[in-house]
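Asker: Just so we're aligned, residue 19 is where the sequence shown starts under the numbering used here, counting upward by one.
A virtual CB, placed ideally from N, CA and C, is assigned to each residue, including glycine.
Everything numeric in this text was worked out from a predicted model, so none of it was measured.
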Amino acid sequence: MIKILNKQSCSGCAACANICPVDAIQMFPDREGFLYPSVNADFCIECNECVRVCPFIIPRDPVPPIATFIAEHKDAIIVQQSSSGGVAYQLACHAFQNSGWFFGAAFDVSWKLMHDGISSLADLEKYRRSKYIQSEIGFSFRKVKELVNEGQFIVFIGTPCQIAGLASFLGNKRNTVVLVEVICHGVASPLIFTRYLAALSDKYKSIVEGVNFRDKEKAAVAMGITFKKGEKYLRAANNDLFFRAFGRGLSLRKSCGDCLANNFRSSADLEIGDFWGAKRKFKEFDENKGASLVIVRSKKGKAVWDSISSAFRINVADLEYACENNPNIKDSTMLSKERGQFFLEIDQTRDILRVLRKYTKRNYFMALYSYIVRKLFR
19 MIKILNKQSC
29 SGCAACANIC
39 PVDAIQMFPD
49 REGFLYPSVN
59 ADFCIECNEC
69 VRVCPFIIPR
79 DPVPPIATFI
89 AEHKDAIIVQ
99 QSSSGGVAYQ
109 LACHAFQNSG
119 WFFGAAFDVS
129 WKLMHDGISS
139 LADLEKYRRS
149 KYIQSEIGFS
159 FRKVKELVNE
169 GQFIVFIGTP
179 CQIAGLASFL
189 GNKRNTVVLV
199 EVICHGVASP
209 LIFTRYLAAL
219 SDKYKSIVEG
229 VNFRDKEKAA
239 VAMGITFKKG
249 EKYLRAANND
259 LFFRAFGRGL
269 SLRKSCGDCL
279 ANNFRSSADL
289 EIGDFWGAKR
299 KFKEFDENKG
309 ASLVIVRSKK
319 GKAVWDSISS
329 AFRINVADLE
339 YACENNPNIK
349 DSTMLSKERG
359 QFFLEIDQTR
369 DILRVLRKYT
379 KRNYFMALYS
389 YIVRKLFR
């Protein structure tokens, strides 16, 4: 049976829980809010399917990508409503046009982020745009397998570890599944996020009605939160406490510090994300408005990209340049040395905003230095 001796060795992908033939494995949150598998030894039949399917016990070797592109949807409204250039939206549309399914992450009524599948464009809105906390896979892998057995076409979007987990779970039975990896900085604690929302709700004396991690009204990356009474919280990422903790590696899952599924190891067919540095390389693209990086990683991925690429303004891009400007394609985020103490204080206090402020104080000298560097080398 699977045993988590070191939390750094578990990404929470839930492949083990999905594969268990007797449902002996359940995912439970730890004190930091991250899910880990728990095995009921009374039910376990020692088949070791959970060990076989774990992408962190047996990580894959990197597979060199086929091609790299920069892309922006030709519909400016779609770009404005998307995190980057609208590629995920078009992939979902491609699934629906083929009478298929799209799997992604959406918030439920309690602001828990859940992975699930939909088969209609009418249901897509809440699955759009990036969300920077870890989603619960639940039993969505099983649902994918059921649809595969029915011959359904599926587009599944997730983090590298989730894609690696699903690839292991499906094995060779994924001819009709397109695995789409999102470039990942790491996943923040759902507990931190829900407590952060609750604190803002108390501050504004109103119920949270909407969350947008990529509210382009303010900046390329900005937190936008709307409240029932009509007020709106809007901060650029560098001025938002949740984003500052996320960016500094304070609130990330332990396994994110040494990801074993990034660097082209997840078995994804396509990899998508922000094309940071686009404006310096391509005059006709601007990452602040929305420019997508598309890395084609399999023949299946190429076929799908060829099918949807006419909806975009595209250009061939240099992979190394893309990696230099978005290092999480290959490298893991360094976790903060203060991470342990940060979570300890979060656990011991009701005032989460105070703790977030304490650990994310801005270094104004470094901020000024970064500003000058950006101006000089733009």
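In chain order, which continuous runs of the alpha helix (DSSP H) of length 4 or greater are located wholly inside the segment 281–350?
Answerer: DSSP runs (the alpha helix (DSSP H)) wholly in the segment 281–350: 296–299, 317–326 and 337–343.
Asker: Could you spell out where the beta strand (DSSP E) holding Phe-245 opens and where it closes?
Answerer: Working through the sequence shown from its first residue, we reach residue 245 at position 227. Counting along the chain, the beta strand (DSSP E) containing Phe-245 begins and ends at 240–245.
Asker: For the alpha helix (DSSP H) that contains Lys-161, what are its first and last residues?
Answerer: Position 143 of the sequence shown, counted from the start, is the residue given in the question as residue 161. 158–167 is the extent of the alpha helix (DSSP H) around Lys-161.
Asker: On the CB-based measure, 16 or more other CB atoms within 10 Å of its CB, does Ile-63 come out buried or exposed?
Answerer: Start at 1 with the first residue of the sequence shown, and residue 63 comes out as number 45. Exposed, since its Cβ has fewer than 16 Cβ neighbours within 10 Å.
Asker: Near Ala-263, what residues of its chain come up, given a Cβ to Cβ distance below 8 Å and the 5 sequence neighbours on each side ignored?
Answerer: Counting from one through the sequence shown, the residue named residue 263 turns up at place 245. These residues qualify, in order along the chain: Ala-206, Ile-210, Ser-269, Phe-360, Leu-374, Tyr-377 and Thr-378.
Asker: How should Val-391 be labelled, buried or exposed, when 16 other C-beta atoms within 10 angstroms of its C-beta is the threshold for buried?
Answerer: Translated into the one-based positions of the sequence shown, residue 391 becomes position 373. At Val-391 the pLDDT is 42, less than 50, meaning the model places this residue with poor confidence; the figure from the coordinates comes in the next sentence. The residue is exposed, with fewer than 16 neighbouring Cβ atoms inside 10 Å.
Asker: Looking at C-alpha atoms only, which residue of Met-352, Ile-313 and Ser-285 is the closest neighbour of Leu-184?
Answerer: Against the sequence shown, residue 184 aligns to sequence position 166. Answer by Cα proximity: Ser-285.
Asker: Can you round the beta-carbon distance between Ile-313 and Leu-288 to whole angstroms, since I take them to be within the 8 Å contact cut?
Answerer: As a first step, residue 313 is located in the sequence shown; it is residue number 295 there, counting from the start. As a first step, residue 288 is located in the sequence shown; it is residue number 270 there, counting from the start. Indeed they touch by this definition, with Cβ atoms about 7 Å apart.
Asker: Is it the case that the segment 332–348 contacts the segment 70–86, given that we only count it when at least three CB pairs across the two stretches are under 8 Å?
Answerer: Contact holds: three or more Cβ-Cβ distances are below 8 Å.
Asker: Quick check: the segment 39–51 against the segment 197–204, are at least 3 beta-carbon pairs closer than 8 Å?
Answerer: Taking 8 Å as the limit for Cβ pairs, the verdict is that the segment 39–51 does not touch the segment 197–204.
Asker: Would you kindly work out how many angstroms separate the C-alpha atoms of Ile-22 and Gly-30, rounded to a whole number?
Answerer: For the purposes of this step, residue 22 is taken as residue 4 along the sequence shown, with counting starting at 1. For the purposes of this step, residue 30 is taken as residue 12 along the sequence shown, with counting starting at 1. Their Cα atoms are separated by approximately 11 Å.
Asker: Going by DSSP in three states, Leu-53 sits in which element: helix, strand or coil?
Answerer: Looking up residue 53 in the sequence shown gives position 35. Reduced to three states, the DSSP call for Leu-53 is strand.
Asker: Quick one: what's Arg-192 bridged to in DSSP?
Answerer: In the sequence shown, residue 192 corresponds to position 174, counting from 1. Arg-192 pairs with nothing; no bridge assigned.
Asker: Just checking my contact of Pro-39 with Ser-186 at CB under 8 Å: how many whole Å lie between their CB atoms?
Answerer: Position 21 of the sequence shown, counted from the first residue, corresponds to residue 39. Position 168 of the sequence shown, counted from the first residue, corresponds to residue 186. The pair is not a contact, with the Cβ atoms about 16 Å apart (cut-off 8 Å).
Asker: Provide the residue span of the alpha helix (DSSP H) that contains Ile-370, from first to last.
Answerer: Here residue 370 is taken as the residue at index 352 of the sequence shown, counted from 1. Element bounds for Ile-370: 370–377.
Asker: Do Asp-126 and the ligand ADP come close, with the Cβ less than 7 Å from some heavy atom?
Answerer: As far as ligands go, the structure on display features none, and thus does not contain the ligand ADP.
Asker: Classify Asn-36 as helix, strand or coil using the three-state DSSP reduction.
Answerer: As a working note, residue 36 is residue 18 in the sequence shown. Three-state result, Asn-36: helix.
Asker: Anyone know if the C-beta pair for Arg-331 and Arg-232 falls short of 8 Å?
Answerer: Position 313 of the sequence shown, counted from the first residue, corresponds to residue 331. Position 214 of the sequence shown, counted from the first residue, corresponds to residue 232. Taking 8 Å as the Cβ cut-off, Arg-331 and Arg-232 do not qualify as a contacting pair.
Asker: Of the residues Leu-131, Gln-152, Gly-176 and Gly-103, which one's Cα is nearest the Cα of Phe-120?
Answerer: Numbered from 1 along the sequence shown, position 102 holds the residue referred to as residue 120. Ranking the options by Cα distance to Phe-120, first place goes to Gly-176.
Asker: Do Val-166 and Val-195 have their C-beta atoms within less than 8 Å of each other?
Answerer: The residue labelled residue 166 in the question sits at position 148 within the sequence shown. The residue labelled residue 195 in the question sits at position 177 within the sequence shown. Yes.
Asker: Answer yes or no: do Phe-114 and Leu-139 have a C-beta to C-beta separation smaller than 8 Å?
Answerer: By 1-based counting over the sequence shown, the position of residue 114 is 96. By 1-based counting over the sequence shown, the position of residue 139 is 121. Yes, the pair counts as a contact, with Cβ atoms nearer than the cut-off.
Asker: For the candidate residues Glu-50, Phe-303, Leu-278 and Val-239, whose alpha-carbon lies nearest to that of Arg-253?
Answerer: Taking the first residue of the sequence shown as 1, we reach residue 253 at position 235. Nearest of Glu-50, Phe-303, Leu-278 and Val-239 to Arg-253, Cα basis: Val-239.
Asker: Using the three-state DSSP reduction, which class does Asn-257 fall into: helix, strand or coil?
Answerer: In the sequence shown, counting from the first residue as 1, residue 257 sits at position 239. In this structure, Asn-257 counts as helix in the three-state DSSP scheme.
Asker: Who are Glu-154's beta bridge partners in DSSP?
Answerer: Locating residue 154 in the sequence shown gives position 136, counting from the first residue. Answer by DSSP bridge pairing, in chain order: Met-132.
Asker: Quick one: what does DSSP say Val-69 is sitting in, helix, strand or coil?
Answerer: Counted from its first residue, the sequence shown places residue 69 at position 51. In the structure shown, Val-69 sits in a helix (DSSP, three-state: H, G or I).
Asker: With which residues is Asn-230 paired in a DSSP beta bridge?
Answerer: Within the sequence shown, numbered from 1, the residue matching residue 230 stands at position 212. Answer is Gly-242.
Asker: Under a three-way DSSP split, which group does Leu-215 fall into?
Answerer: For this step, residue 215 is matched to residue 197 along the sequence shown. Of the three classes helix, strand and coil, the one that applies to Leu-215 here is helix, per DSSP.
Asker: What first and last residue would you give for the alpha helix (DSSP H) that runs through Gln-366?
Answerer: Working through the sequence shown from its first residue, we reach residue 366 at position 348. First-last of the alpha helix (DSSP H) with Gln-366: 357–366.
Asker: Can you give the beta carbon distance from Tyr-12 to Ile-370, rounded, assuming they're within the 8 Å contact cut?
Answerer: Because residue 12 is not part of the residues shown, which for the chain are 19 to 396, the question remains open.
Asker: List the DSSP bridge partners of Glu-90.
Answerer: The residue you call residue 90 lines up with position 72 of the sequence shown. According to DSSP, Glu-90 bridges with Arg-331.
Asker: Once DSSP output is grouped into helix, strand and coil, what is the label at Lys-149?
Answerer: For the purposes of this step, residue 149 is identified with residue 131 of the sequence shown, where counting begins at 1. Note: Lys-149 maps to coil in three-state DSSP.
Asker: Is Glu-143 helix, strand or coil when you go by DSSP?
Answerer: Here residue 143 corresponds to residue number 125 of the sequence shown, with the count starting at 1. Glu-143: helix per DSSP, three-state reduction.
Asker: So Tyr-339 and Gly-295 are in contact, right, with Cβ under 8 Å, and what is the actual spacing, rounded?
Answerer: Position 321 of the sequence shown, counted from the first residue, corresponds to residue 339. Position 277 of the sequence shown, counted from the first residue, corresponds to residue 295. Rounded, the Cβ-Cβ distance is 7 Å, consistent with contact.
Asker: For Lys-272, which residues in the same chain have their Cβ closer than 6 Å to its Cβ, ignoring the five residues on either side in sequence?
Answerer: Against the sequence shown, residue 272 aligns to sequence position 254. So the qualifying residues of the chain are Lys-25 and Gln-26.
Asker: Output needed for Gly-104: all residues of its chain with C-beta closer than 6 Å, excluding positions within five of it in sequence on either side, in chain order.
Answerer: The residue given as residue 104 occupies position 86 in the sequence shown. Same-chain partners within the cutoff: His-91, Ile-96 and Val-97.
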